[in-house]
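Residue numbers (my numbering): 1011 to 1352.
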């Protein structure tokens, strides 16, 4: 491979890492909707055993539902594109190329330079920006084109009033709504959160769930339960400290302080945080030092494991497990489905 080709390959293969959204996340499983005629169909055999379509769909869970949704939207968009192309009297590929060319903006000098600087460690020593400018610009154009194509599809599907009406029948888990709570006494939707004060994704999830509670003040009730992971050595004591603060009516305020100060979770730090909230210092220290709430934290962990929690944060929305710090839209999607079903 020539030096130039090597540089092209390096630039084209830049990896944009999408961060994990949970501390040791696990995949939830759920049964997918299928007609009564199909669910018992044998799809595979081995030794003297069989696997039915229903069992395979349950294993795939929500990923199968999302795949069906992608396929349906893709098929609908293809049909819409063909209709629009027919109206103009041109091939559908030509219309698509025209739309992308019209909507795609060329990359700026700043964008190209930023990508060059980010990839310098992977390029041969001495490589200059001018040597790879063309390759970088082509790469950025391809990325921009993919984004524009997605936006075009979404716009045309919305224009055609596309709706994916197949409902995902998620697996529900019986989980006790215990622990400090916020929201109406009898909310239509109950969320039980399992979290770890030392987990960075839990911090992110806490901000999202606070927005959810604010968005549904009369419909959503949130319960907080503890799930300190074994490799987070400070998390168990932090969980106990939060429950000590709860004794003085300051759980949520203390909860926020812990997440905003994840680098300060030593026992002395936990006591300093109590001072910040003007808690009774002596009472708080006695509570924390005695390990009074260690059993409660342990019971929360056992309940979480029994329900299928293996990473944090984990949220049970009316019993439906959502594992990870998902965007607020994902929470709203499930909540809206739950509200409409009532």
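For glycine and all other residues, C-beta sits at the position ideal for the given N, C-alpha and C.
Under the rule that a run must span 3 or more residues, the beta strand (DSSP E) segments found entirely inside the segment 1173–1244 read 1199–1205, 1230–1236.
Counting the other Cβ atoms within 10 Å of the Cβ of residue 1273 gives fewer than 16, which makes it exposed. In this structure the segment 1187–1195 does not lie against the segment 1148–1159, because fewer than three pairs of beta carbons, one per stretch, are closer than 8 Å. When rounded, the separation of the alpha-carbon atoms in residue 1132 and residue 1153 is 19 Å.
At the C-beta level, residue 1245 and residue 1206 come within 8 Å of one another. For the pair residue 1202 and residue 1183, the Cα-to-Cα distance works out to about 11 Å. Distance from the Cα of residue 1102 is smallest, within the candidate group 1079, 1112, 1088, for 1088. Judged by beta-carbon spacing, residue 1075 lies within the 8 Å limit of residue 1178, meaning their Cβ atoms are closer than that value. With a beta-carbon spacing of about 5 Å, residue 1199 and residue 1230 fall inside the 8 Å limit used to define contacts. Contact annotation, residue 1314 with residue 1304: C-beta distance approximately 16 Å; criterion of less than 8 Å not satisfied. One alpha carbon belongs to residue 1326, the other to residue 1235, and they sit about 11 Å apart.
Annotation: residue 1135 to residue 1149 spans about 21 Å, alpha carbon to alpha carbon. A straight-line Cα-Cα distance of about 23 Å links residue 1341 and residue 1261.
Relative to the Cα of residue 1086, the nearest Cα in the group 1352, 1168, 1061 belongs to 1168.
Rounded to the nearest angstrom, the gap between the Cα atoms of residue 1311 and residue 1054 is 37 Å. Taking a C-beta distance under 8 Å as the contact criterion, residue 1298 and residue 1281 qualify as a contact pair. By the Cβ-count criterion, residue 1144 is exposed, with fewer than 16 other Cβ atoms from all chains shown falling within 10 Å of its own Cβ. For residue 1213, same chain residues with a beta-carbon under 6 Å away, outside a window of 5 residues either side, are 1269 in chain order.
Residue state for residue 1054 is assigned as strand, using DSSP reduced to three classes.
Separation of residue 1321 and residue 1330 (C-alpha to C-alpha, rounded to the nearest whole angstrom) is 15 Å. DSSP places residue 1333 in the strand class (E or B) of the three-state scheme. For the 8 Å CB-CB criterion, residue 1289 and residue 1255 form a contact. Collapsing the DSSP output to three states places residue 1322 in a strand. Residue 1295 has its alpha-carbon roughly 43 Å from the corresponding atom of residue 1349. According to DSSP, residue pairing for residue 1327 in a beta bridge involves 1201, 1330. Residue ranges of uninterrupted alpha helix (DSSP H) with 4 or more members, entirely inside the segment 1241–1319 and ordered along the chain, are 1245–1257, 1261–1270, 1277–1286, 1291–1300, 1304–1317.
Residue range 1059–1062 is occupied by the beta strand (DSSP E) that includes residue 1059. With fewer than 16 other Cβ atoms from the protein chains shown falling within 10 Å of its own Cβ, residue 1052 counts as exposed.
With distances taken between CA atoms, residue 1276 lies nearest to 1208 out of 1300, 1208, 1257. In this structure, the straight-line span from the alpha carbon of residue 1098 to that of residue 1174 is close to 28 Å.
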